[in-house]
Amino acid sequence: MPEPTSSSPQPESQPEPQPEPNEKLIKIFDSEQENEAIVVQGLLESAGIESDLKSIDAVQNAFPGVGGTVILVREEDAPEAGKIIEAYRKLPPLDDETADLPG
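Quick note: my numbering has the sequence shown finishing at residue 84, numbered continuously throughout.
Rendered as structure tokens:
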């Protein structure tokens, strides 16, 4: 015979906060280079800012040269995200082809 279970309510765990589907997202960064956008997204995530990476692939016949990647963040995260991106843009480019090699 099973033992009777306690009728005292168990404390309910609070669900993790989920982004609102109707939250206002704003574009904080765009680049024609997807890898650059991925780096920036990583910087934002390491600072605790959630972001959404979107690829823009316009029809090249109708809009030649239009394309790239954008990063969207919540409106309230935009000021902090902007500071992180500004600091990133001040860094010297990481271009392996122009690195000084011992000759």
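From the three backbone atoms N, C-alpha and C, an ideal C-beta is built for every residue, glycine too.
Remember, it's a predicted structure, so these values are computed and weren't measured experimentally.
Range of the contiguous beta strand (DSSP E) that encloses residue i
{"i": "Leu25", "result": "It is not in any beta strand (DSSP E) - Leu25 instead sits in the alpha helix (DSSP H) that spans 15 to 27."}
Spatially closest choice to residue i from the options, by CA coordinates
{"i": "Ile37", "options": "Pro73, Glu13, Glu17", "result": "Glu13"}
{"i": "Gly85", "options": "Pro60, Arg55, Lys35", "result": "Since the first residue shown for the chain is -18 and the last is 84, residue 85 is missing from the structure and cannot be characterised."}
Nearest-angstrom Cα separation, counted from residue j out to residue i
{"i": "Arg70", "j": "Glu4", "result": "27 Å"}
{"i": "Glu31", "j": "Gln22", "result": "8 Å"}
{"i": "Ala62", "j": "Leu25", "result": "6 Å"}
Exposure label - residue i; buried when at least 16 CB within 10 Å
{"i": "Lys58", "result": "The sequence shown places Asp at residue 58, not Lys. Classification of Asp58: buried, given that the 10 Å Cβ count is 16 or more."}
{"i": "Leu72", "result": "exposed"}
{"i": "Ile52", "result": "buried"}
{"i": "Ile9", "result": "buried"}
{"i": "Ala68", "result": "exposed"}
{"i": "Ala28", "result": "exposed"}
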